[in-house]
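Undergrad:
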Amino acid sequence: MISLKKLYLITCLALCASAVSAKEYSTLRFGVDANYAPFESKAADGSLKGFDIDLGNGICAKLSVKCIWVESDFDGLIPGLRAGKFDGILSSMTVTATREKAIDFSNELFSGFTSYVFKKGSGLSADVASLKGKTVGYFQGSIQEAYAKAVLDKAGVKIQSYQNQDQVYYDLVAGRLDASLQDTLQAQLGFIKSAQGTDYEMSPPVESPYLPSKTAIGIAKGNTELKALLDKAIQALHDDGTYDSIQKQHFGDLNLYSGK
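As numbered in mature numbering (1 follows the signal peptide of the UniProt record, and there is no 0), residues -22 to -1, 1 to 238 make up the sequence shown, in order.
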């Protein structure tokens, strides 16, 4: 039979452990690679802008915390999160089985597809056979890289990774690449509609198990408390129309949210 004194001690220890494990967030540090307009990029004054940035700031507002954006190369985001450099990754990161082995994710932020970009009249298409012997560039660490290595490389396509998306487009325009592979909306709004994209066209979306569509906020493994907070804030953005307002500002009548 447990004495009252021992019961008190056990209860105290349990409560103390709970208090230590719980974290009060007054700030949220989001890791981001600001080289992927219109989702995340830099304005002329050096400030961050884009769909992800506005969603992140909206999430912080719902949670009454201060948003701190920590810039990193995309392929350094997961190592940075695991090293505690930031609390979450909010940088157009697609949820994949491989990434889920290293980190956890919030509920969906938005969903997107993947397309090729190539010069008009090039004769290229989303058919892998048309790309054999050609060189295709992509953003290092992206799902497009996984697809390129698993599918394109084995089909005789030359593949080339880059540390940011701007470098991909630079080499595409310079003629060092025959095509680029990236998020469909990013291609449409970040390149095709720009001055340098005038002579280029975009393929229909590429369908492949290597190219999942759901994007979410990456969080450290086992951080269920932060996941619950982020999921609650994301739902609040939908409930009061803030999400729709931000989405309309960036993409007009397009709906990027699958609701899954």
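In this text, a Cβ means the ideal position worked out from N, Cα and C, and glycines have one as well.
Predicted model only: the values in this text are computed from it and were never measured.
Using three-state DSSP, classify residue 185 as helix, strand or coil.
TA: Taking the sequence shown and counting its residues from 1, the one referred to as residue 185 is at position 207. Coil at residue 185, not helix or strand.
Undergrad: Can you tell me the Cα-Cα spacing of residue -1 and residue 201, whole angstroms?
TA: Translated into positions along the sequence shown, residue -1 becomes position 22. Translated into positions along the sequence shown, residue 201 becomes position 223. A caution first: residue -1 carries a pLDDT of 43, below 50, which makes its placement in the model unreliable, though a value can still be read off. If you take the alpha carbons of residue -1 and residue 201, they lie about 10 Å apart.
Undergrad: Closest to residue 110 by C-alpha separation, out of 160, 172, 99 and 131, would be which residue?
TA: Position 132 of the sequence shown, counting from 1, holds the residue named residue 110. Residue 110 has its Cα closest to that of 131, out of 160, 172, 99 and 131.
Undergrad: Three-state secondary structure (DSSP) at residue 92?
TA: Here residue 92 refers to the residue found at position 114 of the sequence shown. Here residue 92 sits in strand by DSSP.
Undergrad: If you draw a straight line from the alpha carbon of residue 159 to that of residue 187, how long is it in whole angstroms?
TA: Your numbering for residue 159 matches position 181 in the sequence shown. Your numbering for residue 187 matches position 209 in the sequence shown. Taking the straight line from one Cα to the other gives about 16 Å.
Undergrad: Look at the alpha carbon of residue 82 and the alpha carbon of residue 65, and state the distance between them as a whole number of angstroms.
TA: The count along the sequence shown starts at 1 and reaches residue 82 at position 104. The count along the sequence shown starts at 1 and reaches residue 65 at position 87. Going by the C-alpha atoms only, they are around 12 Å apart.
Undergrad: Between the C-alpha atoms of residue 237 and residue 86, what's the straight-line distance to the nearest angstrom?
TA: Against the sequence shown, residue 237 aligns to sequence position 259. Against the sequence shown, residue 86 aligns to sequence position 108. Computed Cα separation, rounded: 8 Å.
Undergrad: Name the DSSP beta bridge partners of residue 66, please?
TA: Looking up residue 66 in the sequence shown gives position 88. Residue 66 is bridged to 8 and 197.
Undergrad: Which ranges would you report for the beta strand (DSSP E) in the region 107 to 152 if only whole runs of at least 3 residues count?
TA: With a minimum length of 3 residues, the continuous beta strand (DSSP E) runs that stay inside the region 107 to 152 are 113 to 117 and 136 to 140.
Undergrad: Would you list the residues sitting across from residue 46 in a DSSP beta bridge?
TA: For the purposes of this step, residue 46 is taken as residue 68 along the sequence shown, with counting starting at 1. In DSSP, residue 46 forms a bridge with 7.
Undergrad: Do you know offhand how far residue 218's Cα is from residue 212's?
TA: Counting from 1 along the sequence shown, the entry for residue 218 is found at position 240. Counting from 1 along the sequence shown, the entry for residue 212 is found at position 234. Going by the C-alpha atoms only, they are around 11 Å apart.
Undergrad: Can you tell me where the alpha helix (DSSP H) holding residue 207 begins and where it ends?
TA: Against the sequence shown, residue 207 aligns to sequence position 229. From DSSP, the alpha helix (DSSP H) with residue 207 extends over 202 to 217.
Undergrad: How many angstroms separate the CA atom of residue 95 from the CA atom of residue 229?
TA: Working through the sequence shown from its first residue, we reach residue 95 at position 117. Working through the sequence shown from its first residue, we reach residue 229 at position 251. Distance between the alpha carbons of residue 95 and residue 229: 20 Å.
Undergrad: Given 8 Å as the limit, is there contact between the region 28 to 44 and the region 53 to 73, that is, 3 or more CB pairs closer than that?
TA: The answer is yes - the region 53 to 73 touches the region 28 to 44, with three or more Cβ pairs under 8 Å.
Undergrad: By a C-beta neighbour count over all protein chains shown, 10 Å radius and 16 as the cutoff for buried, is residue 232 buried or exposed?
TA: Along the sequence shown, read from residue 1 onward, the residue named residue 232 stands at position 254. Its Cβ having fewer than 16 others within 10 Å, residue 232 is exposed.
Undergrad: For residue 35, which of helix, strand or coil comes out of DSSP?
TA: As a first step, residue 35 is located in the sequence shown; it is residue number 57 there, counting from the start. Three-state DSSP puts residue 35 in a helix.
Undergrad: Report the three-state DSSP secondary structure of residue 162 (helix, strand or coil).
TA: Within the sequence shown, residue 162 is the residue found at index 184, counting from 1. The answer is helix: DSSP assigns residue 162 an H, G or I state.
Undergrad: I'd like the list of long-range same chain contacts for residue 183, defined as Cβ closer than 6 Å, with 5 residues on each side in sequence excluded.
TA: Along the sequence shown, one-based indexing puts residue 183 at 205. So the list reads 91, 93 and 162, once near-sequence residues are dropped.
Undergrad: Looking only at its chain, what residues have a beta carbon closer than 6 Å to the beta carbon of residue -10, apart from the 5 residues adjacent to it on each side?
TA: Taking the first residue of the sequence shown as 1, we reach residue -10 at position 13. Below a pLDDT of 50, predicted positions are generally treated as unreliable, and residue -10, at 39, falls in that range; the measurement from the model is reported next regardless. Once the five neighbours on either side are set aside, residue -10 has no close Cβ partner at all.
Undergrad: Here's a check: name, in chain order, each residue in its chain whose Cβ is nearer than 8 Å to the Cβ of residue 112, leaving out the five neighbours to either side.
TA: Your numbering for residue 112 matches position 134 in the sequence shown. The residues are 102, 135, 136, 156 and 157.
Undergrad: How would you call residue 18, buried or exposed, if buried means at least 16 neighbouring beta carbons within 10 angstroms?
TA: Taking the sequence shown and counting its residues from 1, the one referred to as residue 18 is at position 40. It is buried - the Cβ of residue 18 has at least 16 other Cβ atoms within 10 Å.
Undergrad: Following the continuous alpha helix (DSSP H) through residue 235, name the residue where it begins and the one where it ends.
TA: Counting from one through the sequence shown, the residue named residue 235 turns up at place 257. No alpha helix (DSSP H) holds residue 235; DSSP gives it neither H nor E.
Undergrad: What is the rounded straight-line gap between the Cα of residue 118 and the Cα of residue 172?
TA: Against the sequence shown, residue 118 aligns to sequence position 140. Against the sequence shown, residue 172 aligns to sequence position 194. Answer to the nearest angstrom: the Cα atoms are 22 Å apart.
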